[in-house]
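This report concerns only the one structure given below.
Residue numbers (the numbering used here), protein chains in the order written: chain Y, 1 to 286; chain Z, 1001 to 1286; chain U, 2001 to 2286; chain C, 3001 to 3286; chain V, 4001 to 4286; chain R, 5001 to 5286.
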């Protein structure tokens, strides 16, 4: 137990007030992944944060993909994977495993955690209520899907009834197939379809760094035009490019604020949204 | 394509009218299992029936357990099972498999089928919104749960928003455990908690037979007092006893009509509920 | 009692599903007239059909004129009629008789029939709630009215409260006069004002025939441009022209589908709307 | 045009205030009959009053029987009437005439008058929405009905949508028959079923007179126990007895205030309800 | 008690009907001031009128400034006032006195009077719910405010819950200052922001006179273009100019009818709005 | 600015979660008085706390009396006060001053402060909407009122529309008088009438002390039976008795938790309600 004075307690709570007012009644989509999803303590911290944000009036939507559990089950069942351009080919057996793990295990376990913190969750995937519709991305990749449409009805219905929707990145189509879709893409497309106030990406990085080797070079705010220049200039490079591009696209499609924050720091989401300090990088229009 | 005259078509539709009126706005819980769950054609027929009943104003709730898919995955993953009194011991690895298959595979696949027939489904399990709460039945059996409480809010919220709730027989508790619960029990407890108009058990039998060797000895209507006498007299015996007892208990707890019908006959549910003929056995108060 | 197998029963019900889904929540205006209005058995069949359609989610509005009952009462009261261009001159005594028979007898008797089939009806005429406003068509014809405006509030209010509105073709005006208006016109103007999904005209013909002497030459679907060509080409001729023109106008004013069907065949309306077979002629945009 | 000073105008309006407050949102059932129904000027005055009361927040329900129009039509059609104990035998031809005149003519004409004064009316009879259910009173009298049940749903639905329900005293039953019911009885039974604030009987008398020959002996307020004593003592006698008894019964069944007022005086209803003066006799509990 | 015949009473009430219908559900803003605010009898008459108008369906909003009570309290507290261009300089002590008297005394006393007449009032000022926002008009005048924005939410919320909002002419700003604002201006800006049906100015004049010395030269109706011509021509002059200009501006900003009426005549507001006679001058668009 | 680590910030916020959940949607009545009402900095701290509590879902109602401002205005206006048993005699001039200061100055100034912190306030007194009704307590004391009834409609209406009701302790009656009522009593009677979750009394004491000279002897939780024993035993004595008795009565009338907390410590209310620490004394049933 930390040793914090009552004056400090009061200070922190009062400091949170304008942030709470800013987010009241707004939708916040949280893309949950990385260490925050595998480390049990961080997992608990994230769930606390989601419930606290919900309690102060934010309408949180949690989107997740799978972690190492998919590979583990594939391995256990002796299923070998082939790869095309570094992407795992998802045949029908594999998509079954993916759906089972994401929608049956990871998803419902997150619901349980949220509920232990005092909220009510609803464990959904893109199939439910035809929420995420997809089509084949590339015949060679099998059931790897490209999202064609997001129907926000199920999400809004869940929120209106007071549940936190927890959404696994599995999509459907009109023919009854299941599709393995990228969770980052699902998150920003859901945020855009909801015209969310914010999209928070929990990652294993501290945000966009001006100098990748200098952790103090974190860029706190990025207009999307600046972000594009940083990509062009090679400052944002490698694996950061797709993440940055997804953030840019989300802002362009109507999400007000898009964050990349460090999921390895406990309660980073709370610090970002309810304190004056902030963490990570925020993408904005302009 | 069958050769049915227009007059016959009209006759069947008009005959359905009083049945439709009787069920309009009422809740019908369907326990889905047996052949109807494994034979693809029967599966399609059941889903058509559910959607049609929904369309004519019945509020259908679908409850299911798992079929052979659980055993298949256990086997594939090389997981050996031990048995106590003929019941599979459900250790933590096993309950994970059960949850994955039921809530991630069987459940979402049913949602897809319903949606192909034109309805919107919501794939839930007893964990979602704290719907089914359970506790340990017997320490030797591990995560085999006994249902302690059914919270109908999630189900009623789903129905009120126009979705067909599809419910996998996995329960939760306040500590964050998952419990493997009996699907027949889950179905009747849900029906009782909802004060449902009817509970339909789709089975691999044609109903309760007065003479187990004479398929023509089907009992069409059974007051629960009569049913108890038949059990006492040994007419209902063996594997039929627990099924009959669940039906008796459901009626006693407030479900108006409880049916055992033959899931091996296509559209048996429709024939039971929307035609003058009927199939199977109906349990009633008295 | 017909001899229909359970499989056939199920087949008919399942076949109805997509039709039911197509019409769910949509408004269907039924113009009731001809034999279907005078033959007691056909009358019962029509009322069954209306109630069944209501029960499966269609919002039916019934519009009717008078049958031979007007002439019968005129005759009984010794009232002689004069004719101008074949149209009966409607003096003030006559319009009183028309109003009494249509709004007091035919109308309320239809309400009783619907209610015997299990629905709740509301017997209205164009005067109620200023629903149908009219003006004089031709001074020589007296109280024969031309519809100037349809106010759908009363109809929508009735539907929203769960009643089937039954509407007699009598109109009002701001000065307190009653007007005898053509029931076919009233029906299509009501359908157009409601932006109805469909308008069904129950007539004593099987529909539009390509060859008036060949009952097998029924045209099942007519784009309104084709219908105009058939009138121009003389294929549609004589008494069929005004009926066809009313159908064309209804489609043009926003009714999605307009049917002419044979009211002499029991349950023709049900067969047209809930089976794959269909009967009669459907007019569509294009 | 009368010569009233502005001060007097203001006085009358201000005097109305407490009366308006007393009736705001309350239901007032008006039994319309006698001269007020046959004299065109009185008719207009009554309709003005109803609309004014509606406008100031009273929820008025108008109930009427027929006047001389029934006899006129019976006569015109050459229908002879037989009488039993002074009551006209209502055979099936007669009940048809009664229904036509009441529900088709008188009723809709009243709706027109209300609408000319600026309100919206809904012309109903006891058949609509199964509002008034009746059974045979006496086999010798044919279709003379005794009211067995009043269903207030249609009336309350009409009021909630802002219409003035105008109700003709024709009842139905489950078998599809129409019944000629007494309008006074219909009015008080409707008032009782609605738990109305008041029931106003418009009659051709000035109220209950202590001395039938002395118009100045009007009794302004009568507790129902007093009324019973006056009947027992012969003060209320002859044709006044059934009227008084209906008033007593209405109060006993829950109507707060029941009035007998003089329909021959223009706007007597307004004077009774919105001025300090009052007219006629008021029956109260006690 | 005046001697008015029942016929006259009825006449006045019936005459009010079309006026009541015209105003039903509409918003009427009443600027309360002058003698009507200081003479106890006139005060009661105004409150009766407001409650009566409320009762017949008008949604009345009462706006007031202060009368001699402000000067009285300033004097009592020994506070001297300085004047600039004839306007009292409002220093911080003075604005406190103004706020106290207007919002604490005059305002709540009006609420009490309304409630004694049977309505429910809500005593508000421009500070409540940020209803009236103002800024400094002239540094020399201190806390004399110029209205910059009217937020109608509080007013509409009060009306929707059935209260009569009574509004004192004190405004606020974002910094927490109070501003003394002109009540006439507050009234017309509130009326304009509400898109009110009418604005009634209770004054100590009988309206706009064509000849200021001839009380019979009252102009009953003025198009705003005519009003501007009368100002230009000097017919409207002196202290009448700002009042007329406020009326013109109110009409221009969307208030349908703006009245100047004589608050010295009891019930002048009632006579203007609910009788055919009318009093005072009405400004209209055109 | 204090130096608090992000981990500490997060800790405080997460610690607040269960407290927030406990109070979500519940009503908290705050009796505002003492130093917290006169020291500008404490005043700001209280207003921040109220707004923060509102923002996290608590429905706060603020009740206040007057501070030294009443005496100041009485003095300024040269009004001498007489005292009976130590209570100031409230003649009509005095009650006017009280009403002006409380309802016009203190009240609206609090509304302004709340609004500067980002909420919307509604400045009311017991007169508005007949919220607090009182009668004379003692003829010698003049307009000192005893509360006879609290009508919660206005308060609940304000809360339902999203305003923080700020209530001055001035009451009304049916005759149009104003009454000076005790603010502590008003607060607990309002809390009781609202069946509030909690009542917070902001005082100039740290709570109930077991030893009045030992600030460390604070009693954190008191069952009301214990509180009565402490009064009987003389532990609670002097000026603490009426405060303690009001707390006991409030609990007895249905308020769940009643607090006496130290308004001299900034944000004491926040620390009491949203941290694990707590301050002051809590009274509970039992």
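We put the CB at the ideal spot given by N, CA and C, even for glycine.
Contacts that residue i makes with chain Z (C-beta to C-beta distance below 8 Å)
i, result
"residue 77(Y)", "1073, 1076, 1077"
CB contact check: residue i to chain Z, cutoff 7 Å
i, result
"residue 2260(U)", "no"
"residue 2277(U)", "yes"
"residue 2021(U)", "yes"
"residue 2013(U)", "yes"
9 Å Cβ cut-off: residues of chain Z touching residue i
i, result
"residue 116(Y)", "1174, 1175, 1176"
Within chain R, partners of residue i - CB distance below 9 Å
i, result
"residue 4163(V)", "5128, 5129, 5154, 5157"
First and last residue of the uninterrupted alpha helix (DSSP H) at residue i
i, result
"residue 1071(Z)", "1068-1076"
"residue 5134(R)", "Where residue 5134(R) is concerned, there is no enclosing alpha helix (DSSP H), although the beta strand (DSSP E) it sits in stretches over 5132-5136."
"residue 95(Y)", "92-99"
"residue 4107(V)", "4107-4116"
Any C-beta of chain U under 7 Å from that of residue i
i, result
"residue 1008(Z)", "yes"
"residue 3112(C)", "yes"
"residue 1048(Z)", "yes"
Proximal chain C residues relative to residue i, where beta-carbon distance stays under 9 Å
i, result
"residue 2120(U)", "3128, 3129, 3130, 3153, 3154"
Contact list for residue i against chain U, beta-carbon separation under 7 Å
i, result
"residue 1024(Z)", "2055"
Amino acids of chain R, ordered along the chain, whose beta-carbon sits closer than 8 Å to that of residue i
i, result
"residue 4099(V)", "5104, 5105, 5108"
Run of the beta strand (DSSP E) containing residue i, from where it starts to where it stops
i, result
"residue 5171(R)", "5170-5172"
"residue 3223(C)", "3221-3223"
"residue 3178(C)", "3178-3180"
Chain V residues whose Cβ lies nearer than 7 Å to that of residue i
i, result
"residue 3271(C)", "4006, 4009, 4010"
Supposed close pair residue i, residue j - CB separation, criterion 8 Å
i, j, result
"residue 2273(U)", "residue 2033(U)", "That pair is no contact at about 18 Å."
"residue 194(Y)", "residue 58(Y)", "Actually they do not touch by this definition, with Cβ atoms about 13 Å apart."
"residue 5108(R)", "residue 4157(V)", "Incorrect: roughly 18 Å between the Cβ atoms, too far for contact."
Contact list for residue i against chain V, beta-carbon separation under 8 Å
i, result
"residue 5096(R)", "4105"
is_contact[residue i, chain Y] using C-beta, thresh 7 Å
i, result
"residue 1001(Z)", "Note on residue 1001(Z): pLDDT 44, under 50, position unreliable in the model; no value is reported."
"residue 5062(R)", "no"
Test: residue i CB closer than 7 Å to a CB of chain C
i, result
"residue 2123(U)", "yes"
Contacts of residue i in chain R (Cβ-Cβ under 7 Å)
i, result
"residue 51(Y)", "5017"
Contact list for residue i against chain Y, beta-carbon separation under 7 Å
i, result
"residue 5274(R)", "13"
8 Å Cβ cut-off: residues of chain C touching residue i
i, result
"residue 4266(V)", "3007, 3010"
Q) With a cut-off of 8 Å, do at least 3 Cβ pairs link the segment 1004-1018 of chain Z to the segment 1041-1053 of chain Z? A) no
Q.
Contact between the segment 5182-5189 of chain R and the segment 5243-5255 of chain R is defined here as three or more beta-carbon pairs at a separation below 8 Å; is this criterion met?
A. yes
Q.
With three or more beta-carbon pairs closer than 8 Å as the criterion, would you say the segment 5087-5100 of chain R touches the segment 5072-5079 of chain R?
A. yes
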